[in-house]
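Visitor: Those protein sequence lines, which keep their order, are chains A and B. Each step along the first sequence adds one to the number in my numbering, with nothing skipped, and position 275 is 286. Each step along the second sequence adds one to the number in my numbering, with nothing skipped, and position 67 is 78. Ideal Cβ positions, reconstructed from N, Cα and C, are used throughout, including at glycine. Just passing along the structure, written as structure tokens.
2 protein chains.
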Amino acid sequence: MSDEFQFTQHSHRRYNPLTKSWVLCSPHRTQRPWQGAQESANAPALPEYDPKCYLCPGNTRANGETNPAYKTTYAFPNDFPAVKADQPEFKEDEESAKGLLRVTGVRGQCHVICFSPAHNLTIAEMSEQDILPVVKQWIKCYEDMAKVDYINHVQIFENKGSAMGCSNPHPHGQMWCTEDVPEEPAKEIKAMAEYRQQNNACLLCDYAKLETTTQGKPRVVCENDSFACVVPFWAVWPFETMVVSKRHVTSVSKLDDVQQKDLANILRRIACRYDNLFQCSFPYSMGIHQAPVDGQDHNGDTHLHIHFYPPLLRSATVKKFLVGFEMMGEPQRDLTPEQAAERLRSCSEVHYKKQQKL
Amino acid sequence: MSDEFQFTQHSHRRYNPLTKSWVLCSPHRTQRPWQGAQESANAPALPEYDPKCYLCPGNTRANGETNPAYKTTYAFPNDFPAVKADQPEFKEDEESAKGLLRVTGVRGQCHVICFSPAHNLTIAEMSEQDILPVVKQWIKCYEDMAKVDYINHVQIFENKGSAMGCSNPHPHGQMWCTEDVPEEPAKEIKAMAEYRQQNNACLLCDYAKLETTTQGKPRVVCENDSFACVVPFWAVWPFETMVVSKRHVTSVSKLDDVQQKDLANILRRIACRYDNLFQCSFPYSMGIHQAPVDGQDHNGDTHLHIHFYPPLLRSATVKKFLVGFEMMGEPQRDLTPEQAAERLRSCSEVHYKKQQKL
Ligand SMILES: [Zn+2]
Ligand SMILES: [Zn+2]
């Protein structure tokens with residue numbers, strides 16, 4: 012064992028400065044026999060309109076409401092919300108306050124955001140022109156929710172694919188708005204505030220600059236003037252990426268016209284590379300982290316970024332599990348983030364279905 | 012909305028004092044249409060010995076080694092370990108030290124622990140007498156690893172079922188031993204140290220007492236003289252449980268003969284209740300949290316407990332997903348912990364396969 016330490020050969024831990032937590036990386040294991048789950052491969056082609064889909068234009072939902080004949084995007088309140096606007100006020104009792112049984116009430120709103128009237132499209136196959144209205148819808152939703160007095164945080168996300176528990180392929184995301192800032196953004200805000208205090212700079216401004224100026228850009232997948240898409244140095248999921256604004260922007264609401272177009276551009280490109288990686292409709296959870304809408308100034312402790320957490324490991328049918336050591340100990344990955352970025356960089360930005368048509 | 016706030020009706024957040032994090036609870040959603048995944052139902056009956064299983068007694072493993080004809084348990088080094096004893100020393104460089112690309116090397120060992128020579132058994136169907144050697148094997152492994160100078164933490168865990176990425180049904184667990192204390196136990200240790208400082212008491216001693224003396228014991232599933240099995244007040248998974256020692260014990264190594272038997276007893280009973288809940292071999296990740304083996308005195312900041320994290324939601328084939336808001340925001344559950352405990356309490360401690368034989 013007189014070799015030098017190599018990140019592609021030897022176990023190491025990487026630190027996530029955004030959440031102040033560690034990830035175990037075991038790159039030598041990329042050669043071990045497969046242990047992930049086998050998912051069924053690609054579904055048959057979908058119709059552009061499905062009369063039974065509760066998200067398609069003109070269809071009636073479970074609660075009797077009818078979707079309009081929308082042409083771009085459509086947002087409406089979730090029929091089965093995790094949080095509601097109307098519920099009795101919670102009064103903390105003594106037992107709760109003592110610390111072992113702490114509890115608070117949570118009011119909020121949940122919304123569904125359709126990305127396109129076409130049942131059979133996803134961000135990966137939509138054009139940048141068609142994704143731009145999605146960005147604008149997010150902005151409108153975020154700004155609307157900011158006006159609601161009991162809402163202090165807006166979490167926009169998308170679950171894509173049955174591997175992510177999403178039963179309806181119609182392209183759509185969700186928005187859960189709550190009284191409290193949830194755990195993950197709260198951790199990030201705390202870490203970013205501490206970084207600013209220590210370095211008099213923004214953690215993600217510094218990180219975006221570091222990744223886009225490092226020689227060879229080993230973790231950058233793609234970029235444009237406004238955004239970089241990187242496999243974070245501390246990524247947990249095999250092909251996890253983060254889309255981060257190059258300039259200091261705290262929320263979608265602060266994006267100018269060029270940045271909005273650039274966001275549509277980079278979203279299409281990373282989603283398309285994902286689909287091309289294993290020639291399948293690539294599943295993921297995607298979520299936007301940005302400033303809470305709690306009336307406070309978050310210029311110092313937030314920076315707009317989007318996380319993509321995809322569960323696939325080495326093919327359309329082999330999934331990565333976060334179980335065992337990862338639940339009881341800490342997240343663990345085999346492939347290094349640099350190897351993952353290299354794989355994603357080698358994918359085309361023309362969707363494989365369109366390539367086959369050529 | 013003049014009703015009173017009810018935990019079974021209204022959204023609330025519950026605080027996990029062990030990890031200092033929050034969980035969102037949306038009990039009104041237990042009536043919504045199902046959104047989990049449909050897994051294939053029960054597999055056909057397995058043979059007691061499988062000539063192709065790499066864990067069965069007498070069989071040869073991929074690396075050419077042959078398992079002994081073991082009669083109770085058998086532990087051996089994992090052929091594809093996530094961490095290894097032998098690797099070059101890592102030297103932190105300047106860039107890493109600056110904070111955005113922090114990394115450390117990790118040495119360690121990974122072991123497999125077979126629970127029984129019988130290919131077709133699980134803890135749920137084993138007798139207490141047959142589980143006792145598993146407890147004793149854990150004690151031996153923990154003590155052996157404590158003697159290795161570069162190992163400071165021992166994480167014992169079991170992934171049961173293909174839903175947890177476990178491809179081999181032969182009853183077995185794993186042990187990953189590392190230089191560093193992983194994230195989850197590190198968080199718990201920190202929280203327990205703070206609790207002790209503030210209350211001059213052990214968090215889990217206090218919690219075990221609170222749960223077993225609260226009128227009606229709403230979150231207790233089962234108990235014996237030495238251990239209580241509870242659905243924690245802050246449980247994330249629908250049927251998550253924690254087995255906690257009633258007396259202050261920091262590791263398996265400190266259990267006396269009676270406590271060892273009581274641990275075998277409570278493990279059998281909760282595993283059996285799990286199988287009976289949906290009449291299937293119930294999948295879970297199970298893990299033991301106890302004192303690190305770093306040579307420090309952890310009497311003040313650790314307390315032996317075992318986590319069970321099962322992914323099933325409402326039947327043998329409907330799985331709970333931790334995606335979307337749960338990845339981007341915070342964990343969320345619909346069923347309250349009290350409702351889950353009630354369901355588990357109503358299950359028999361006689362395994363359903365044995366009931367059918369009567
Ligand atoms: Zn973030
Ligand atoms: Zn624990």
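Could you give the residue range of the beta strand (DSSP E) that holds residue 234 of chain A?
Guide: Locating residue 234 of chain A in the first sequence gives position 223, where the first residue counts as 1. Run containing residue 234 of chain A: 231 to 234, per the beta strand (DSSP E) assignment.
Visitor: Reducing DSSP to helix, strand and coil, say where residue 194 of chain B ends up.
Guide: The residue given as residue 194 of chain B occupies position 183 in the second sequence. Helix.
Visitor: Please report the distance separating the alpha-carbon of residue 221 of chain A from that of residue 37 of chain A.
Guide: Here the question's residue 221 of chain A lines up with position 210 in the first sequence. Here the question's residue 37 of chain A lines up with position 26 in the first sequence. So the alpha carbons of these two residues sit roughly 24 Å apart.
Visitor: Quick check on the burial criterion: 16 or more other C-beta atoms within 10 angstroms. Buried or exposed for residue 19 of chain A?
Guide: As a first step, residue 19 of chain A is located in the first sequence; it is residue number 8 there, counting from the start. So residue 19 of chain A counts as exposed.
Visitor: Per DSSP, residue 255 of chain A is paired with what?
Guide: The residue you call residue 255 of chain A lines up with position 244 of the first sequence. BP columns for residue 255 of chain A point to A:239, A:316.
Visitor: How should residue 284 of chain A be labelled, buried or exposed, when 16 other C-beta atoms within 10 angstroms of its C-beta is the threshold for buried?
Guide: As a working note, residue 284 of chain A is residue 273 in the first sequence. Looking at its Cβ environment, which holds 16 or more other Cβ atoms inside 10 Å, residue 284 of chain A is buried.
Visitor: Can you tell me which of A:349, A:357, A:290, A:256 puts its alpha carbon nearest to the alpha carbon of residue 17 of chain A?
Guide: As a first step, residue 17 of chain A is located in the first sequence; it is residue number 6 there, counting from the start. Ranking A:349, A:357, A:290, A:256 by Cα distance to residue 17 of chain A puts A:349 first.
Visitor: Taking three-plus beta-carbon pairs below 8 Å as touching, is the segment 122 to 134 of chain A in contact with the segment 250 to 266 of chain A?
Guide: The segment 122 to 134 of chain A, when compared against the segment 250 to 266 of chain A, does not touch it at the 8 Å Cβ threshold.
Visitor: Which bits of chain A does residue 35 of chain B rub up against, with CB to CB less than 8 Å?
Guide: Walking along the second sequence from the start, residue 35 of chain B turns up at place 24. Correct list: 93, 94, 117, 189, 193.
Visitor: Report the neighbours of residue 334 of chain B on chain A: residues whose CB is nearer than 7 Å to its CB, in chain order.
Guide: Here residue 334 of chain B refers to the residue found at position 323 when the second sequence is read from its first residue. Those are 170, 175, 176, 296, listed as they occur along chain A.
Visitor: Find out if the Cβ-Cβ distance for the pair residue 272 of chain B, residue 112 of chain B is shorter than 8 Å.
Guide: Here residue 272 of chain B refers to the residue found at position 261 when the second sequence is read from its first residue. Here residue 112 of chain B refers to the residue found at position 101 when the second sequence is read from its first residue. It is not a contact, given that the beta carbons lie outside the stated cut-off.
Visitor: Taking C-alpha atoms, which residue in A:295, A:322, A:326 lies nearest to residue 334 of chain A?
Guide: Numbered from its first residue, the first sequence carries residue 334 of chain A at position 323. Looking at the Cα atoms, A:322 is the closest of the given residues.
Visitor: Using DSSP with H/G/I as helix, E/B as strand and the rest coil, what is residue 322 of chain B?
Guide: For the purposes of this step, residue 322 of chain B is taken as the residue at position 311 of the second sequence. It is coil, neither helix nor strand.
Visitor: Per DSSP, which one or two residues make a beta bridge with residue 168 of chain A?
Guide: Mapped onto the first sequence, residue 168 of chain A falls at position 157. DSSP lists A:185, A:298 as partners of residue 168 of chain A.
Visitor: Against residue 341 of chain A, what residues of chain B qualify as contacts under a CB-to-CB distance less than 7 Å, listed in chain order?
Guide: On the first sequence, position 330 is the one that residue 341 of chain A refers to. In chain order: 193, 194, 195.
Visitor: Name the residues in the segment 304 to 338 of chain A whose C-beta lies less than 7 Å from a C-beta of chain B; which are they?
Guide: Within the segment 304 to 338 of chain A, the qualifying residues are 318, 320, 332, 334, 335, 336, 338.
Visitor: Would you please verify whether the beta carbon of residue 120 of chain A is less than 8 Å from any beta carbon of chain B?
Guide: Translated into the one-based positions of the first sequence, residue 120 of chain A becomes position 109. Not closer than 8 Å to any Cβ of chain B, the Cβ of residue 120 of chain A fails to qualify, so no.
Visitor: Are the Cβ atoms of residue 291 of chain A and residue 246 of chain A separated by less than 8 Å?
Guide: Stepping through the first sequence from its first residue, residue 291 of chain A is reached at position 280. Stepping through the first sequence from its first residue, residue 246 of chain A is reached at position 235. Taking 8 Å as the Cβ cut-off, residue 291 of chain A and residue 246 of chain A do not qualify as a contacting pair.
Visitor: Less than 6 Å between C-beta atoms, sequence neighbours within five positions excluded: which residues of the same chain meet that for residue 154 of chain B?
Guide: Locating residue 154 of chain B in the second sequence gives position 143, where the first residue counts as 1. Same-chain partners within the cutoff: 264.
Visitor: Mind pulling the chain B residues with CB within less than 8 Å of residue 221 of chain A?
Guide: Position 210 of the first sequence, counted from the start, is the residue given in the question as residue 221 of chain A. Neighbours of residue 221 of chain A on chain B, chain order: 111, 112.
Visitor: Can you tell me the Cα-Cα spacing of residue 141 of chain B and residue 345 of chain A, whole angstroms?
Guide: The count along the second sequence starts at 1 and reaches residue 141 of chain B at position 130. The count along the first sequence starts at 1 and reaches residue 345 of chain A at position 334. Spanning the two alpha carbons is a distance of roughly 35 Å.
Visitor: What residues in its chain sit with their C-beta under 8 Å from that of residue 21 of chain A, if we drop five residues either side in the sequence?
Guide: Numbered from 1 along the first sequence, position 10 holds the residue referred to as residue 21 of chain A. For residue 21 of chain A, where only same-chain residues beyond five positions count, the Cβ hits under 8 Å are 38, 39.
Visitor: Do residue 72 of chain B and residue 95 of chain B come within 8 Å of each other at the CB atom, strictly closer than that value?
Guide: Residue mapping note: residue 95 of chain B aligns to position 84 of the second sequence, counting from 1. Residue mapping note: residue 72 of chain B aligns to position 61 of the second sequence, counting from 1. For residue 95 of chain B and residue 72 of chain B, no; Cβs fall outside 8 Å.
Visitor: Contact check, residue 278 of chain A vs residue 134 of chain A under 8 Å by CB: the rounded distance?
Guide: Indexing the first sequence from 1 puts residue 278 of chain A at position 267. Indexing the first sequence from 1 puts residue 134 of chain A at position 123. That belief holds up - the Cβ atoms of residue 278 of chain A and residue 134 of chain A are roughly 6 Å apart, short of 8 Å.
Visitor: Along chain A, in chain order, which residues have C-beta atoms closer than 8 Å to that of residue 359 of chain B?
Guide: On the second sequence, position 348 is the one that residue 359 of chain B refers to. Residues of chain A passing the Cβ test: none, with the nearest at roughly 27 Å.
Visitor: Check the Cβ-Cβ distances between residue 267 of chain A and every residue of chain B, and say whether any is below 8 Å.
Guide: The residue given as residue 267 of chain A occupies position 256 in the first sequence. Taking Cβ atoms only, chain B never reaches closer than 8 Å to residue 267 of chain A, which makes this a no.
Visitor: Looking at the structure shown, is residue 32 of chain A part of a helix, part of a strand, or coil, going by DSSP?
Guide: To locate residue 32 of chain A, count along the first sequence from 1; it is residue 21. Residue 32 of chain A: strand per DSSP, three-state reduction.
Visitor: Grab the span of the beta strand (DSSP E) containing residue 336 of chain A for me, first residue to last.
Guide: Translated into positions along the first sequence, residue 336 of chain A becomes position 325. That residue, residue 336 of chain A, is in no beta strand (DSSP E); its alpha helix (DSSP H) goes 336 to 339.
Visitor: Do residue 136 of chain B and residue 276 of chain B have their C-beta atoms within less than 8 Å of each other?
Guide: Here the question's residue 136 of chain B lines up with position 125 in the second sequence. Here the question's residue 276 of chain B lines up with position 265 in the second sequence. In this structure, residue 276 of chain B does not lie closer than 8 Å to residue 136 of chain B by Cβ.
Visitor: Tell me which residues share the same chain as residue 145 of chain A and place their Cβ nearer than 7 Å to its Cβ, disregarding the 5 neighbours each side in the sequence.
Guide: For the purposes of this step, residue 145 of chain A is identified with residue 134 of the first sequence, where counting begins at 1. The answer, listed in chain order, is 84, 126.
Visitor: Taking only beta-carbon positions, decide if residue 130 of chain A is within less than 8 Å of chain B.
Guide: Indexing the first sequence from 1 puts residue 130 of chain A at position 119. It does not: the Cβ of residue 130 of chain A has no partner Cβ on chain B nearer than 8 Å.
Visitor: If the cut is a Cβ gap below 9 Å, which residues of chain A does residue 126 of chain B touch?
Guide: Within the second sequence, residue 126 of chain B is the residue found at index 115, counting from 1. Under the 9 Å cutoff, chain A gives no residues; its nearest Cβ is about 15 Å from residue 126 of chain B.
Visitor: What residues of chain A sit near residue 217 of chain B, judged by a beta carbon separation below 7 Å?
Guide: Position 206 of the second sequence, counted from the first residue, corresponds to residue 217 of chain B. Under the 7 Å cutoff, chain A gives 111.
Visitor: Quick check on the DSSP output: what are the complete alpha helix (DSSP H) runs of length 4 or more inside the segment 56 to 119 of chain B, in order along the chain?
Guide: Taking only runs of at least 4 residues, the alpha helix (DSSP H) segments lying wholly in the segment 56 to 119 of chain B are 105 to 108.
Visitor: Output the distance between the C-alpha atoms of residue 380 of chain A and residue 102 of chain A, rounded to the nearest integer angstrom.
Guide: Summary: the structure shown does not reach residue 380 of chain A, with chain A confined to residues 12 through 369, and so no result is reported for it.
Visitor: Just checking: is the beta-carbon of residue 40 of chain A within a distance shorter than 8 Å of some beta-carbon in chain B?
Guide: By 1-based counting over the first sequence, the position of residue 40 of chain A is 29. Yes - at least one Cβ of chain B is within 8 Å of the one on residue 40 of chain A.
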